[in-house]
Structures are given as structure tokens and as C-alpha cells.
Amino acid sequence: MNKAPALPKTGQLHFFNNLRTFIIILVITFHAALSFVPGYTWWANDTSKNEIFGVVISLMDVFMMPILFFLSGYFVIQSYIHKGFGGFVKSKFKLLAVPYVIFALISCPIVSYIGLKNFSSNADLLSKSFFSFYIHYMASIFSLRSGAADLGLTAVEGLFNINHLWFILMLLVIFIVTALIFYIIKFVEKYQNKQYIKTENYLSKRHRMYGLLLISSIAVFYLVNILLPENSLFGDAPWYNVTPLFFFQPSRLVLYITFYLAGIYSFYNGLFTNDLKSEKISYWIILTFVSFMFLIKIMSDYYVGKVPGNELKIMYSIGHVLSAVSVTGLLITLFFRYWDSSSPLEKSFSENSYNMYLIHFPLVIIMQQIMAEYSMNNCFFDFTVILIISLTGSYLISNYILKPDRFKS
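Residue 972 in the numbering used here sits at position 396 of the sequence shown, with consecutive numbering throughout.
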């Protein structure tokens, strides 16, 4: 496959670009808030806490990454057809593998050093300069093993941890597998020969897609959670090392894959280039509200011991997935209706959103540490300062230093 055929026009979906930018901003907000969640162990520990942060991030955690995987799946066909197999794989290595290595070597040690200072009681490690710690940190790559990942232990012992970069490597693996499948089944030819029927009921097809996504996601999410302990359902679900350089959450991975496949299916069938105006926002708002209330009820019942194990897992699987699907449908509809534009500022944020994801994590942790030491003991004020500086700093560093197209080809 030396030359990819031309791509059929699908229109400029500015609302999807804006949605991706919005979700990246939510991810930064999510990380900025974690320091203020009662009972949650985080790299930088602020003594000022509030339960509101715990409730809000628990709900945000349900839908942010699934939507990012959905969008990744939606745009993968377009990228593959434009570049062909070889060009696609090469571009993804440049986009994902190169920054993974760079940030694993530069930003991750900074975050781990802060975590070490806050949580470790190892006098030998605490006495090390950052340079000495860096040597210890990088050498620990060779001592890590596959299996359950104790992220708290990595902070206490100053062990290698890729932090937010798990998403980057996960995408790379998924993209490579996708490219291989597309190449083997001659996907380009199948796509180019596909006929679209203008009279099709795209609203009905979209709803069938959402229904299939809901049922399949609940099934796989529940099947994985059967194997996990009850106390791992909420908050920070268990992480597992595949190699010393890569870890993931099994219960969330299956959900991400179903959303990614839903994105591919949606693009292939033109579900979001036709008949979007007929979507009823009010239905999605009601469904999102009901699913969130159901999920909060399940979590609150669990914490007071009202729900037994297997019943808890099936009810939580329904609540978690229903919330993720309903928020996805709501945000897509809202952004199409009210934010399908591309002003210079919107375009700039869209182009910088990926770099902002890469850059933000050490900025957030550093600001959390500073505010923990010099704050006014007001978690909402501290959070606001951390968020504003992290968002602004990430954007400015990306736009003027790293440059938006640094890792693109």
C-alpha cells in the first residue's frame, strides 16, 4: 500500500475538535482537584479538603477518558486513509512514542520526587539530591515486574511511574492493532466502496449505536469487575503492569475499547455528519441526571454497607456505563448545537490540546505542592489558583515553546 486513495468528504466537524479540547481541560481540572479529595492519596497533599471535590471528580472520572477514546476511534479511519498503513504507523510513533519517551525522562521524575518528599519515610532516599534520586528512579525500571501495580509504593520508594502517560502508550498500542487489522482486511477498499443512502434514518441508527454501546460496555465492564474486589470499584480502580513501562486499569480498558470501536463505527456509517439537529437535548439531560443520581446512590449505599458484592457489581456496572454513554450523547449534541465553530482562539486551543495533556501533569503537581505549603487554608481558592496557572502554563508552553505541530507529521 504505497498510496492511500482519496478520502470521501465528511464535512468539517468543528464540534468534535472543540469537544476534545473541552475534555482535555476537564482532565486538567480533574488532576488539579485530586489534591483536595478527603482520603485520597496524591503526589502533593493539601491539608485543606472538601467532600465536594470527591463527588465531582467521581462523576468526571466516569466519562472523560471514554469520550477521548470515542473521539480517537472516530478520527482513526480518516487518518489511516490519508496516510496509508506505513504513513499511519510512522505518524503515530512520532505523535505518541516520541513524547512518551521525552516526558517519561523529564516530567515523570519531577512528579515522583515530590511524591517521595511527601510520603516516604526512607531516610536514605529523602537525603538524596534530585540528581541522585533521578539515577535511582531510572534504575528502578529494571526492577519492576508485571502484575498488580501499587502506585502508592512507587511514590514511597521512588520507583519509576509513567503517571498520565499511560493514555499515550495505550493509544499507540490500539492504533497499531487497528492499522494491522485494517491492512489485513483491506479496509480502505471496503470503505471506498461503501454506499451511503441519503434517506437513511441517521437518528435511529445513532440511537441503535448508543444502545449497542451501552449493552456491550455493561457486559464487558461487569465481567471484568467480577474478578476484582468490591473496594476496587470506586475511585482509583486497580492498575496492573504489563511491562515496567506500561500499566493500565483492566476494568476501564474494556470500556475504553468499546467506546473506541463505537467511534470507528460512527465514522464508518456517517452517524455524525447527518441529521444531528433532530437530537433532543432534553432527553439526554434527563438521562444524564437519572444515571448520575443512580450512580451516586449506588456509591453511597456501598459506603454504608447496604449492597452485597455481586449485586453491587452489576448495579455499579449499569450506573457507570449508563452515565458514560449518556454524557457522551449529551455533550456531542450540545457541542454540535452550540459550539460547532472554529474561531482563531478555538482553533489554537484545539491544535494545542494534545500538548497541553502532555505538559499539564508536572505543572499541576508543582502548583499543588506550592499551594499546600503557602496556601490560605482554603481549598477552593487553592484549587482555582492551581487550575488557572496549570491551564495557562500548559497552553503557553505548548503554543510558544513546544509548538502545536512538534510531534505531528
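Ideal Cβ positions, reconstructed from N, Cα and C, are used throughout, including at glycine.
Residue i and residue j look like a contact to me (Cβ under 8 angstroms); what is the Cβ gap, rounded to whole Å?
{"i": "L871", "j": "S899", "result": "5 angstroms"}
{"i": "L672", "j": "L748", "result": "4 angstroms"}
{"i": "G895", "j": "S867", "result": "6 angstroms"}
{"i": "I643", "j": "F606", "result": "Contact flag wrong, Cβ pair sits at about 13 angstroms."}
{"i": "T904", "j": "F639", "result": "6 angstroms"}
{"i": "W619", "j": "G691", "result": "4 angstroms"}
{"i": "M947", "j": "D622", "result": "7 angstroms"}
{"i": "Y836", "j": "I750", "result": "6 angstroms"}
{"i": "F912", "j": "L852", "result": "5 angstroms"}
{"i": "P675", "j": "I717", "result": "Their Cβ separation, rounded to whole angstroms, is 18 angstroms, which puts P675 and I717 out of contact at 8 angstroms."}
{"i": "I657", "j": "Y767", "result": "7 angstroms"}
{"i": "M785", "j": "S697", "result": "At roughly 52 angstroms, the Cβ-Cβ gap does not stay under 8 angstroms, so M785 and S697 are not in contact."}
{"i": "V652", "j": "T754", "result": "6 angstroms"}
Within 10 angstroms of its Cβ, does residue i collect 16 or more other Cβ (buried), or is it exposed?
{"i": "A680", "result": "buried"}
{"i": "R782", "result": "buried"}
{"i": "P685", "result": "buried"}
{"i": "T864", "result": "buried"}
{"i": "G787", "result": "exposed"}
{"i": "Y914", "result": "exposed"}
{"i": "I874", "result": "buried"}
{"i": "S827", "result": "buried"}
{"i": "Y677", "result": "The sequence shown places Val at residue 677, rather than the Tyr named in the question. It counts as exposed."}
{"i": "G662", "result": "exposed"}
{"i": "P920", "result": "exposed"}
{"i": "G839", "result": "buried"}
{"i": "K762", "result": "exposed"}
{"i": "G649", "result": "buried"}
{"i": "S689", "result": "The question names Ser, but residue 689 is Tyr in the sequence shown. By the neighbour-count rule (16 or more Cβ atoms within 10 Å), Y689 is buried."}
{"i": "S926", "result": "buried"}
{"i": "L702", "result": "exposed"}
{"i": "F848", "result": "buried"}
{"i": "L803", "result": "exposed"}
{"i": "F645", "result": "buried"}
{"i": "S780", "result": "exposed"}
{"i": "S655", "result": "buried"}
{"i": "P584", "result": "Because the pLDDT of P584 is 42, which lies under 50, any placement of that residue in the model is unreliable, and the number read from its coordinates should be weighed accordingly. Exposed: under 16 other Cβ atoms inside 10 Å."}
Just the Cα atoms here: how many angstroms apart are residue i and residue j?
{"i": "M932", "j": "Y971", "result": "6 angstroms"}
{"i": "V764", "j": "S893", "result": "36 angstroms"}
{"i": "S929", "j": "T597", "result": "6 angstroms"}
{"i": "I600", "j": "K704", "result": "35 angstroms"}
{"i": "M952", "j": "V687", "result": "23 angstroms"}
{"i": "Y778", "j": "G630", "result": "38 angstroms"}
{"i": "S683", "j": "S854", "result": "45 angstroms"}
{"i": "L967", "j": "H936", "result": "7 angstroms"}
{"i": "P614", "j": "W815", "result": "21 angstroms"}
{"i": "H590", "j": "F983", "result": "22 angstroms"}
{"i": "I965", "j": "Y859", "result": "37 angstroms"}
{"i": "I760", "j": "L789", "result": "25 angstroms"}
{"i": "H712", "j": "A699", "result": "14 angstroms"}
{"i": "M746", "j": "F823", "result": "9 angstroms"}
{"i": "E949", "j": "M943", "result": "10 angstroms"}
{"i": "N886", "j": "A715", "result": "42 angstroms"}
{"i": "N626", "j": "Y878", "result": "20 angstroms"}
{"i": "L735", "j": "L934", "result": "20 angstroms"}
{"i": "K889", "j": "S792", "result": "16 angstroms"}
{"i": "I977", "j": "D637", "result": "30 angstroms"}
{"i": "F612", "j": "H740", "result": "19 angstroms"}
{"i": "D981", "j": "A795", "result": "39 angstroms"}
{"i": "I973", "j": "S924", "result": "13 angstroms"}
{"i": "D916", "j": "K693", "result": "46 angstroms"}
{"i": "N801", "j": "V901", "result": "18 angstroms"}
{"i": "K670", "j": "N975", "result": "18 angstroms"}
{"i": "F695", "j": "L963", "result": "23 angstroms"}
{"i": "A580", "j": "L647", "result": "Annotation note: pLDDT 41 at A580 (below 50); position unreliable, no value reported."}
{"i": "G969", "j": "N769", "result": "46 angstroms"}
{"i": "I752", "j": "S667", "result": "11 angstroms"}
{"i": "A608", "j": "I941", "result": "8 angstroms"}
{"i": "F707", "j": "I738", "result": "18 angstroms"}
{"i": "M577", "j": "G660", "result": "Summary for M577: the model assigns pLDDT 41, below 50, so the residue's position carries little reliability; its value from the coordinates is reported in the next sentence. Each residue's Cα considered, the two are about 7 angstroms apart."}
{"i": "F758", "j": "F709", "result": "44 angstroms"}
{"i": "L595", "j": "L602", "result": "10 angstroms"}
{"i": "I988", "j": "N817", "result": "Since the first residue of the chain shown is 577 and the last is 985, residue 988 is not available in this structure."}
{"i": "G846", "j": "T617", "result": "43 angstroms"}
Three Cβ pairs or more, each shorter than 8 angstroms: is that satisfied between the stretch 903-912 and the stretch 946-962? no
For the stretch 847-871, list the alpha helix (DSSP H) runs that are entirely contained and at least 4 residues long, ordered along the chain. none
Enumerate, from N- to C-terminal direction, the unbroken beta strand (DSSP E) stretches of 3 or more residues contained entirely within the stretch 911-937. none
At 3 residues or longer, and completely inside the stretch 795-845: list those beta strand (DSSP E) runs for me, N to C. 815-819 and 822-824
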